[in-house]
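Residue numbers (numbering that gives the first Met the number 0): 0 to 659. The beta carbon of each residue, even a glycine, is placed where N, CA and C say it ideally should be. So the structure is just underneath, and the comments pick up after that.
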Amino acid sequence: MKKLLNCRALFVLVILIQFCWLPVRALDIYVSSTGNDAWDGKTAIHNNNAGPLATLQRAFFIAIKSDPQLANGEAINIFIMDSKYLIASPVKLSAVNQSFFIHTLTIKPYKIPTVTFTGSIAFNDISSSKLPLNNIKFDEVFTDNSLKNYVRSPKTSFFTLTNFETKKTGTGLYNNKQLFYYDPEQVNKAIGLSDLKSGHFGIIIYANWTYCYRKIDSINFKTHVLYTTGLNNSDYSPWKKGVRFKLVSLSSASIANADASVLSQYFNVSPNNGPIYIPVNDRIFDIAGSALNKIKNIRFENITFEHFGYRYTDQSIDPNPSAFTENGAIMINFTDNVVFNKCTFKGIAKSAIWYYKSNSNVSVTNCTFNNMGAGSVKVGSPGSENDTKILNNKVNIDNNKITNSGLVVPAANPIFVVNGNNISISNNSINKAEYSAIGIGWGYGTIPNILSNVTISKNRIENIGTGLLDDLGGIYTLGMMENVVISNNIVRNLKFNSYGSWGIYIDQGSKNITVTNNIVDHCQSAGYMQNRCQNITVTNNIFANNTGGQVQFGNFKDNISLKFANNVLYQENNNPTNINWNSTFIQSDYNAYLTQNKPGNQLNKLSRTATAATSGAISTDKDLHSKREQVSSKVNMSSLNIDRASNNFKQIDTTKVGYQ
Numbered sequence: 000m001k002k003l004l005n006c007r008a009l010f011v012l013v014i015l016i017q018f019c020w021l022p023v024r025a026l027d028i029y030v031s032s033t034g035n036d037a038w039d040g041k042t043a044i045h046n047n048n049a050g051p052l053a054t055l056q057r058a059f060f061i062a063i064k065s066d067p068q069l070a071n072g073e074a075i076n077i078f079i080m081d082s083k084y085l086i087a088s089p090v091k092l093s094a095v096n097q098s099f100f101i102h103t104l105t106i107k108p109y110k111i112p113t114v115t116f117t118g119s120i121a122f123n124d125i126s127s128s129k130l131p132l133n134n135i136k137f138d139e140v141f142t143d144n145s146l147k148n149y150v151r152s153p154k155t156s157f158f159t160l161t162n163f164e165t166k167k168t169g170t171g172l173y174n175n176k177q178l179f180y181y182d183p184e185q186v187n188k189a190i191g192l193s194d195l196k197s198g199h200f201g202i203i204i205y206a207n208w209t210y211c212y213r214k215i216d217s218i219n220f221k222t223h224v225l226y227t228t229g230l231n232n233s234d235y236s237p238w239k240k241g242v243r244f245k246l247v248s249l250s251s252a253s254i255a256n257a258d259a260s261v262l263s264q265y266f267n268v269s270p271n272n273g274p275i276y277i278p279v280n281d282r283i284f285d286i287a288g289s290a291l292n293k294i295k296n297i298r299f300e301n302i303t304f305e306h307f308g309y310r311y312t313d314q315s316i317d318p319n320p321s322a323f324t325e326n327g328a329i330m331i332n333f334t335d336n337v338v339f340n341k342c343t344f345k346g347i348a349k350s351a352i353w354y355y356k357s358n359s360n361v362s363v364t365n366c367t368f369n370n371m372g373a374g375s376v377k378v379g380s381p382g383s384e385n386d387t388k389i390l391n392n393k394v395n396i397d398n399n400k401i402t403n404s405g406l407v408v409p410a411a412n413p414i415f416v417v418n419g420n421n422i423s424i425s426n427n428s429i430n431k432a433e434y435s436a437i438g439i440g441w442g443y444g445t446i447p448n449i450l451s452n453v454t455i456s457k458n459r460i461e462n463i464g465t466g467l468l469d470d471l472g473g474i475y476t477l478g479m480m481e482n483v484v485i486s487n488n489i490v491r492n493l494k495f496n497s498y499g500s501w502g503i504y505i506d507q508g509s510k511n512i513t514v515t516n517n518i519v520d521h522c523q524s525a526g527y528m529q530n531r532c533q534n535i536t537v538t539n540n541i542f543a544n545n546t547g548g549q550v551q552f553g554n555f556k557d558n559i560s561l562k563f564a565n566n567v568l569y570q571e572n573n574n575p576t577n578i579n580w581n582s583t584f585i586q587s588d589y590n591a592y593l594t595q596n597k598p599g600n601q602l603n604k605l606s607r608t609a610t611a612a613t614s615g616a617i618s619t620d621k622d623l624h625s626k627r628e629q630v631s632s633k634v635n636m637s638s639l640n641i642d643r644a645s646n647n648f649k650q651i652d653t654t655k656v657g658y659q
């Protein structure tokens with residue numbers, strides 16, 4: 000009897016173990032370009048009414064309908080069966096009568112390493128015949144490695160204004176007429192006045208940090224004036240004589256039946272560039288919940304998004320700083336736990352992802368972005384000021400690689416955060432952008448703007464600014480914010496057009512910010528810039544070989560409370576700082592000022608003695624340059640770390656900075 004009981008117990012134990020090891024059940028939905036939305040989507044192989052769906056839109060509908068019926072612990076997978084899947088129109092997901100998804104929905108490849116969502120049609124041979132693109136409008140084409148803008152005139156340089164006027168036509172901000180005076184000889188050399196007379200054109204204006212596009216209303220060929228209507232540029236960045244502009248033909252940009260000659264003429268591509276990708280869509284996803292019904296638990300994984308366009312129309316692009324009103328290819332509103340992991344974005348002519356209003360627990364991690372028309376990740380709603388109902392909360396932008404940004408809208412930031420709480424921006428590598436690499440805030444001085452608990456750490460930022468725009472920073476802050484830490488970043492090689500490319504730029508109204516353990520070198524302006532800020536702490540940083548000096552202040556009168564301590568300032572040939580330290584708002588101590596052959600003088604009003612701050616830290620036998628290679632373009636950062644390790648300077652670990 001005892002033996003029988005033991006056998007029964009063993010049998011029950013085996014059954015329990017089997018149940019424990021059963022995989023988590025899931026609802027699997029299949030999508031294929033050869034599928035049919037009339038099928039059920041629940042099998043990968045077609046059989047009667049069973050088989051893969053044709054569209055993601057239908058897959059989302061089935062997922063939403065099925066979600067409440069699933070048990071706890073189950074999941075939903077949408078499997079994409081094609082290696083390349085065309086999204087010819089935006090996929091929309093909006094809230095219904097419930098908050099969803101209760102279970103995690105993952106969009107991922109089926110039995111292949113990755114899937115590509117494309118917004119373009121590829122042509123391998125454009126030399127022999129017309130392309131079947133009736134009535135499709137596009138303003139850029141793509142090759143495998145580049146984004147080709149519609150050719151702007153002039154192709155390789157700029158026109159410059161000979162004068163500018165504005166006239167008020169009403170009471171609103173947009174009721175203005177602008178008069179752009181041009182040089183007829185300059186224009187005639189590039190495109191010819193006859194061409195200008197024959198079509199309707201747009202004008203693209205580059206002034207300081209702003210980029211603006213306008214349809215030209217009319218042209219006075221006698222007085223050489225281009226007329227536009229809309230919002231004037233700001234007083235900080237005025238349109239005036241000498242401002243640069245380009246012209247773009249709107250007639251030619253709307254191409255039907257494009258062929259090789261058209262692509263060669265207007266986009267500088269040839270059959271040798273093939274294949275050529277021509278965009279048919281400029282938006283990927285619109286994911287929009289509501290305040291009462293948030294969309295939850297969506298995961299995009301191992302997906303490539305490529306070749307989605309940007310279209311010039313008669314609608315203006317106003318001169319907004321950092322292009323903050325420009326839409327993203329993926330717009331996300333009122334969601335919880337919508338994440339992108341191990342995804343690739345390339346040839347997206349807009350910004351890629353915009354977490355716009357009221358998103359929480361969202362993240363973009365381990366992704367790559369290349370050849371972006373605008374930026375990569377945007378967070379927040381410009382102009383929302385202190386409206387807590389629409390703030391984003393718990394946003395993680397981590398370990399992403401971003402290369403070549405601002406190819407269509409140059410004023411866009413690769414990473415841009417307007418407002419929100421608990422934002423982490425870490426371990427990203429950002430290389431080659433037209434404007435500031437990471438921008439946060441944008442509340443303008445004392446305008447209320449809720450931005451708090453932001454960490455910007457371990458990012459590698461290089462080659463920012465090509466000389467197209469001005470007033471930019473590797474890391475840029477603007478407006479009121481609380482508890483912001485900028486730490487362990489490497490920022491180098493920034494350029495401007497006529498002024499202003501600072502490594503770390505703390506601008507108007509910024510307050511309560513700590514800048515620590517960063518290395519900033521080879522910026523065309525200063526390594527650190529502060530303008531009209533309060534309660535800023537700058538400690539344990541290395542600012543080296545920045546052309547305009549290592550530290551700069553924009554306005555002494557409006558700066559309040561700066562603690563500047565234990566930093567290394569190094570200039571190869573000149574005095575390491577060209578600023579006036581004699582201001583009561585600076586509390587500086589134990590900073591080392593170094594030049595090529597010897598320690599520099601202490602320039603702080605409130606510093607320790609030169610012996611304590613320099614000689615004690617850099618001894619004769621450990622002179623900085625006796626240990627480094629004599630390379631004029633770089634400082635040996637490891638030597639700076641070693642030599643300054645005494646006197647409470649914490650060594651900066653550069654091996655864990657940037658995309659890993």
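Residue burial classification, residue i (beta-carbon count within 10 angstroms, cutoff 16)
i	result
aspartate 317	buried
alanine 373	buried
tyrosine 59	First, the residue type needs correcting, since residue 59 is phenylalanine and not tyrosine in the sequence shown. By the 10 Å Cβ count, phenylalanine 59 comes out buried.
leucine 21	Because the pLDDT of leucine 21 is 42, which lies under 50, any placement of that residue in the model is unreliable, and the question is left without a value.
leucine 568	buried
proline 413	buried
isoleucine 111	exposed
phenylalanine 116	buried
isoleucine 44	exposed
leucine 291	exposed
Helix, strand or coil at residue i according to DSSP, with G and I counted as helix
i	result
aspartate 285	strand
lysine 388	helix
proline 67	helix
alanine 87	coil
lysine 188	helix
proline 22	Caution is warranted here: a pLDDT of 45 is assigned to proline 22, below 50, making its placement in the model unreliable, and the coordinate value is therefore given only provisionally. Coil, per DSSP.
phenylalanine 266	helix
phenylalanine 60	helix
proline 320	helix
asparagine 271	helix
proline 112	coil
proline 278	strand
leucine 230	coil
glycine 55	Reading off the sequence shown, one finds leucine at residue 55, where the question assumed glycine. Reduced to three states, the DSSP call for leucine 55 is helix.
methionine 330	strand
valine 634	The pLDDT assigned to valine 634 is 44, lower than 50, so where the model puts this residue is not dependable, and the model offers no usable value.
leucine 249	helix
Of the listed residues the options, nearest to residue i (C-alpha basis)
i	options	result
asparagine 48	Asp36, Phe59 and Gly273	Asp36
serine 509	Val519, Gln533, Met528 and Arg491	Gln533
cysteine 522	Thr546, Ile44 and Tyr235	Thr546
tyrosine 498	Ile331, Asn516 and Leu471	Leu471
asparagine 496	Thr228, Ile302 and Ser156	Ser156
leucine 671	Tyr210, Lys188 and Tyr109	The structure shown does not extend to residue 671, since the chain is modelled only from 0 through 659, so no value can be given for it.
tyrosine 181	Lys245, Thr42 and Tyr354	Lys245
alanine 121	Ile61, Ile190 and Phe307	Phe307
Cβ-Cβ separation, residue j to residue i (assumed contact under 8 Å), whole Å
i	j	result
lysine 341	glutamate 300	6 Å
glycine 442	lysine 377	Their Cβ separation, rounded to whole angstroms, is 16 Å, which puts glycine 442 and lysine 377 out of contact at 8 Å.
aspartate 281	tyrosine 309	6 Å
valine 361	arginine 298	Actually they are not in contact, since the Cβ atoms of valine 361 and arginine 298 sit about 11 Å apart, beyond 8 Å.
phenylalanine 415	serine 321	6 Å
Residue i vs residue j beta-carbon contact at 9 Å
i	j	result
isoleucine 503	glycine 466	no
glutamine 177	threonine 159	no
isoleucine 449	asparagine 418	yes
histidine 102	asparagine 358	no
glutamate 305	glycine 478	no
serine 423	asparagine 399	no
leucine 390	asparagine 420	yes
asparagine 660	asparagine 403	The shown model of the chain, from 0 to 659, leaves out residue 660, and the question about it has no answer.
cysteine 366	phenylalanine 333	no
alanine 53	valine 30	yes
alanine 543	valine 519	yes
asparagine 430	serine 456	no
valine 363	aspartate 335	no
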